[in-house]
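In this note's numbering, the protein residues as written are 116 to 562. Positions of the beta carbon are idealized from the N, C-alpha and C atoms, including for glycine. It should be emphasised that the depicted structure is a prediction, and the values quoted were computed from it without experimental measurement.
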Amino acid sequence: MGQPVREYLLTLCVTAAVTYLLTGPVRKFAIAAGAMPEIRARDVHREPTPRLGGIAMFGGLCAGLLVASHLTNLKSVFENSNEPRALLSGAALIWILGVLDDKWGVDALVKLGGQMIAAGVMVLQGLTILWIPIPGVGTVSLTPMQGTLLTVALVVITINAVNFVDGLDGLASGMVCIAAAAFFMYAYRMWFGYGIEAAAPATLFSVVLMGMCLGFLPHNMHPARIFMGDSGSMLIGLVMAAGAVSVTGQVDPDLLNVKAGGLREATHAMVPVYIPLLLPLTIIAVPVADLILAIVRRTWKGQSPFAADRGHLHHRLLEIGHSHSRAVLIMYFWSALIAFGAVAYSANNASMWIVLGIVLLSAVGLVLLLLPRFTPRAPLWAEWMVPPRYRRVAPAAVPAGTVAATEGEDAVEPEEEREPVPAGLHGATAIGDRSRFVGRRKADSHR
Numbered sequence: 116m117g118q119p120v121r122e123y124l125l126t127l128c129v130t131a132a133v134t135y136l137l138t139g140p141v142r143k144f145a146i147a148a149g150a151m152p153e154i155r156a157r158d159v160h161r162e163p164t165p166r167l168g169g170i171a172m173f174g175g176l177c178a179g180l181l182v183a184s185h186l187t188n189l190k191s192v193f194e195n196s197n198e199p200r201a202l203l204s205g206a207a208l209i210w211i212l213g214v215l216d217d218k219w220g221v222d223a224l225v226k227l228g229g230q231m232i233a234a235g236v237m238v239l240q241g242l243t244i245l246w247i248p249i250p251g252v253g254t255v256s257l258t259p260m261q262g263t264l265l266t267v268a269l270v271v272i273t274i275n276a277v278n279f280v281d282g283l284d285g286l287a288s289g290m291v292c293i294a295a296a297a298f299f300m301y302a303y304r305m306w307f308g309y310g311i312e313a314a315a316p317a318t319l320f321s322v323v324l325m326g327m328c329l330g331f332l333p334h335n336m337h338p339a340r341i342f343m344g345d346s347g348s349m350l351i352g353l354v355m356a357a358g359a360v361s362v363t364g365q366v367d368p369d370l371l372n373v374k375a376g377g378l379r380e381a382t383h384a385m386v387p388v389y390i391p392l393l394l395p396l397t398i399i400a401v402p403v404a405d406l407i408l409a410i411v412r413r414t415w416k417g418q419s420p421f422a423a424d425r426g427h428l429h430h431r432l433l434e435i436g437h438s439h440s441r442a443v444l445i446m447y448f449w450s451a452l453i454a455f456g457a458v459a460y461s462a463n464n465a466s467m468w469i470v471l472g473i474v475l476l477s478a479v480g481l482v483l484l485l486l487p488r489f490t491p492r493a494p495l496w497a498e499w500m501v502p503p504r505y506r507r508v509a510p511a512a513v514p515a516g517t518v519a520a521t522e523g524e525d526a527v528e529p530e531e532e533r534e535p536v537p538a539g540l541h542g543a544t545a546i547g548d549r550s551r552f553v554g555r556r557k558a559d560s561h562r
């Protein structure tokens, strides 16, 4: 078992290194190509920042798969399964679509159609959901049409869920990296713990996805020097969805029953996937929750579900009073808690300690989440020892037209006084449209 671990580590390092080294030249190319959208009313960053970071991430993906195909143990994944080629084909299509959108803009329906085509290409090459385990019913085999529709739906939802959280520096890549790490632990246990070869592609996909995110994060942490853009967010969303489809829809629960040593053991092992696709959706629970809340919020106000606004979870963390970096760390915390909690529960769902630990950490997360609402104030004699936000003395006068920034942040203009300008998507939706005219109307500032 040690040899595959070393090969996975090598694949991870190569993917991360290639992504990291390519990001610098890609940034210069994006600046030269003019892929630097102007600041919009809903944006958090204060200076125009180049996009097209997905180019470097796609390079890392190709390098990781290429190295893995020549390693002693991992090359069997390419020999016994067509799923890596299916992933690469779908990733190439979604990446091209994202690059075009980052530079020139793509209509919402065209973008949605492109996402469905990329998912359909993977289905045609064998990366599809074949069956789903349902409690009280057992394993249900899907018809080709049912499997295709379910696979396409999962891919499109995951792509847009990941893109919805791409609104703060380092947020999307960090959350996806956490989810990929948790998913790797689950898939690796299925492959080497129970000897199920069908889980091997998902394990490889998770490692490559971690490398892509880790290599891009140093360039994308606050203050970001480059954004991944739709070319990156849609790409990592598709890779994550491919791993979810592979391990959930390709692994036969009846085979797990035999490998686990009986029905009782298999029941405990398959708890997270009793409800179809529960574990993959649990791992991306925060992005999916943001997606659902955004759709409900916009339709309730009579807007299009794809109309961009500043009501996302990360925007609300900033409104509460968290700094940019602290808001990102809080989102990391909740993603890790949900993802690793689900994996731990799948490994030993009979232990109450795991449940109690999750509950305790959830309470800690709620305290951290609401901390700015209960900011303590230092006594007058100790004010000189604490940061300004803990002092009772009124802050210095702020020039009209600006709002005092949180610690470590620059002062920003009131949202209602900023004019919307033509801009590419950043933290909106992967199938949302762009504003093409200056000064037509004020950006929606309702929460």
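Residue pairing by DSSP places W246 opposite S256 in a beta bridge. V354 counts as buried, since no fewer than 16 other beta carbons sit within 10 angstroms of its beta carbon. Between I209 and G228, the C-beta spacing is not below 9 angstroms.
Closest in alpha carbon position to M336, among G235, L408 and R441, is R441. Of all alpha-carbon atoms in A131, A207 and L483, the one lying nearest the alpha-carbon of G235 is that of A207.
DSSP places W449 inside the alpha helix (DSSP H), whose first and last residues are H439 to A462.
DSSP places G480 in the helix class (H, G or I) of the three-state scheme. The beta carbons of L476 and G456 sit closer together than 9 angstroms.
Ranking T134, K143, G330 and A295 by CA distance to the CA of Y447 puts A295 first. Under the three-state reduction of DSSP, D284 is assigned to coil, being neither helix nor strand.
Its chain contains no residue whose beta carbon lies nearer than 7 angstroms to that of L486 once the 5 sequence neighbours on both sides are disregarded. Exclusion of the five residues before and after A233 leaves G205, L208, I209 and L353 as the residues of its chain whose Cβ lies within less than 7 angstroms of its Cβ.
Bounds of the alpha helix (DSSP H) holding Q230 are A223 to L239. In the three-state reduction of the DSSP assignment, T130 falls in the helix class, which pools H, G and I. Contact annotation: V141 and A171 have beta-carbon atoms nearer than 9 angstroms.
Cβ contact annotation for G330 (same chain, cutoff 6 angstroms, sequence separation greater than five): A131, T134, Y135 and G175, in chain order. Per DSSP, the unbroken alpha helix (DSSP H) holding F193 starts and ends at K190 to N195. By alpha-carbon distance to G480, the top candidate from Y301, A201, G436 and A451 is A451. Rounded to whole angstroms, the gap between the alpha carbons of G149 and A454 is 38 angstroms.
In this structure G220 does not touch M343 by the C-beta definition: roughly 17 angstroms separates them, more than the 8 angstroms allowed. The region 317–334 makes no contact with the region 257–274, as fewer than three CB pairs between them are under 8 angstroms. Under the three-state reduction of DSSP, K416 is assigned to coil, being neither helix nor strand. F193 and A183 have their C-alpha atoms roughly 9 angstroms apart.
A direct Cα-to-Cα measurement between C177 and V225 gives close to 26 angstroms. Taking 9 angstroms as the cut-off, the Cβ atoms of A357 and E122 do not count as close. Taking C-alpha positions only, A462 is separated from M151 by approximately 46 angstroms. Straight-line spacing of the CA atoms in D405 and T263 works out to 26 angstroms. Between the C-alpha atoms of V403 and Q418 there is a straight-line separation of about 20 angstroms.
Here W499 is exposed, its C-beta having fewer than 16 other C-beta atoms within 10 Å. According to the DSSP assignment, A315 belongs to the alpha helix (DSSP H) that extends over A315 to N335. Distances from the alpha-carbon of V401 to those of L245, F144, V129 and V280 put V280 closest. If you draw a straight line from the Cα of T414 to the Cα of D222, it is about 20 angstroms long. Secondary structure note for F173: its alpha helix (DSSP H) is the uninterrupted segment G169 to A183. For the pair I341 and R166, the CB atoms are nearer than the 9 angstroms cut-off. For S204, the uninterrupted alpha helix (DSSP H) run begins and ends at E198 to K218, by DSSP.
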